[in-house]
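So the sequence shown is numbered by our numbering: it starts at 1184 and just counts up by one.
Virtual Cβ for every residue (Gly too), placed ideally from N, Cα, C.
Shown next, in structure tokens, is the structure this report addresses.
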Amino acid sequence: MPCSNHTGTSFFLKGLPGLEDVHVWISIPLCAMYVASLAGNSLILWVVSSEPSLHQPMYYFLSMLAMTDLGLSASTLPSMLSIYMLGVREVAVDVCLAQLFFIHTFSIMESSVLLTMAFDRFVAICNPLHYGTILTNSRIATLGLAIVVRSVCLHIPAPVMLKKLPYCWDHLLSHSYCLHPDVMKLACADTRVNSAYGLFVVISTLGLDSVLIVLSYLLILQTVLSIASKTERLKALNTCVSHICAVLLFYTPMIGLSMIHRFGKRAFPCISILLSYLHFLVPPVLNPVVYTIKTKQIRWRMARIFWSRESSVRDTQGH
């Protein structure tokens, strides 16, 4: 297949096949998801930062998750809105490589934060007496820095290696945003090194994180089952529900997508596209909802904020 140089070339993103006539209508729920993600995660950050009683390890990790979700939304949704709202599918190579770097970086950050949150639940349930001495502010800051360094450093080589590849004339990608495997498939050169590196990153991050999360919950379950009181067992497990929901929201679509890529070669293209949307778009929207519903302290703080504002408005109108 004929090749082209990087200079002056572009890639073309893809929407949902067969639904081109209703792309404008699809942009409406996408815009709503973008706004919901920005509002929900920003509200979580504001509530945690403004309420001294929430200055605890669990809520610091929740703030990290909210910041990661904001980054993931900012990396994926703009290119999707340009496709569905404006009909613009062309993206410059450099912009595409920058986008895939940020998408994969924030995705690994989210996985890492979910792992640290599992560790937080493990310490809180299995070693509650030393919770405050183990998860100090300095250690939480170190964990946050390690998450950022790990995610960024592992993904810097990916766009650099892709930049050096020659690309064939077919520049049509399979998704509405740039992803490393998707761009790599368009190269008309040997990509075994790129593929091996991508596999190494996935196994050493998403693969390792998921195994450690499962191991953490096995140890948590073992500890909970040893508690004599049924009420105390349910109370301990209830503190993990929000995190379990966040883990399922993040990992379930990713596992389904990997299964389709490996075994479902004849599956409809829109299935893999929809699963990728679920993986990248749904967690940033639903994570704030889940944690707000399941966390009494956050609900109470939000209710107090809105109640005080409503009272001040009534007082102003009364005068």
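Residue interval of the alpha helix (DSSP H) (run including residue i)
i	result
E1203	Premise fails: E1203 is in no alpha helix (DSSP H) and is neither H nor E.
Q1405	1391-1408
K1346	1340-1346
E1415	1413-1421
T1316	1314-1317
Among the options, nearest to residue i - alpha-carbon criterion
i	options	result
P1471	L1213, R1375, D1303, N1224	N1224
N1421	A1219, A1307, A1215	A1307
S1357	S1246, S1334, S1409, E1273	E1273
K1479	G1201, Y1242, W1208	Y1242
C1336	E1293, N1310, F1284, I1266	F1284
I1454	C1309, I1443, F1463	I1443
L1401	G1439, R1304, V1473, L1355	R1304
V1205	T1251, G1270, T1374	G1270
G1390	S1409, I1410, S1441	S1441
A1275	T1319, H1354, G1198	H1354
S1210	L1260, S1256, I1317, M1250	L1260
H1462	A1419, T1374, S1256	S1256
H1363	A1379, P1342, R1375	P1342
K1346	A1329, D1392, D1277	D1277
Local Cβ density within 10 Å of residue i, reported as buried at 16 or more and exposed below that
i	result
P1235	exposed
E1203	exposed
L1326	buried
F1383	exposed
R1322	exposed
D1252	buried
Residue i versus residue j: straight-line alpha-carbon distance, rounded
i	j	result
M1268	Y1217	13 angstroms
P1240	C1309	16 angstroms
P1340	A1219	33 angstroms
A1215	T1299	30 angstroms
Y1474	P1349	46 angstroms
H1189	M1437	Because H1189 carries a pLDDT of 43, less than 50, the predicted location of this residue cannot be relied on, and the following value inherits that uncertainty. Whole-angstrom Cα-Cα distance: 30 angstroms.
L1173	I1317	This structure gives no information on residue 1173, because the portion of the chain shown stretches from 1184 to 1502.
G1198	S1459	12 angstroms
L1248	E1293	6 angstroms
W1490	T1192	55 angstroms
I1427	S1399	12 angstroms
K1413	A1419	10 angstroms
Sequence-distant residues of the same chain with beta carbon closer than 7 angstroms to residue i, five excluded per side
i	result
C1279	F1194, C1361, V1366
Q1282	S1258, S1262, Y1360, C1361
V1424	K1477
V1465	L1432
L1369	Y1350, C1351, D1353, H1354
Contacts around residue i, its chain only, beta-carbon distance under 8 angstroms, and the 5 residues preceding and following it disregarded
i	result
V1430	L1297, A1301, I1396
R1561	Here the chain has residues from 1184 to 1502 only, and residue 1561 is not among them.
S1246	I1227, L1228, V1231, S1232
M1184	Annotation note: pLDDT 44 at M1184 (below 50); position unreliable, coordinate value reported separately. Closer than 8 angstroms at the Cβ level, and outside the excluded window around M1184, lie C1351, W1352, D1353, C1371.
Close beta carbons around residue i, own chain, < 6 angstroms, minus the five adjacent residues each side
i	result
N1377	M1344, M1367
T1374	M1367
Endpoints, beta strand (DSSP E) assigned at residue i
i	result
E1293	No beta strand (DSSP E) contains E1293, which is instead part of the alpha helix (DSSP H) from 1276-1309.
S1193	1193-1195
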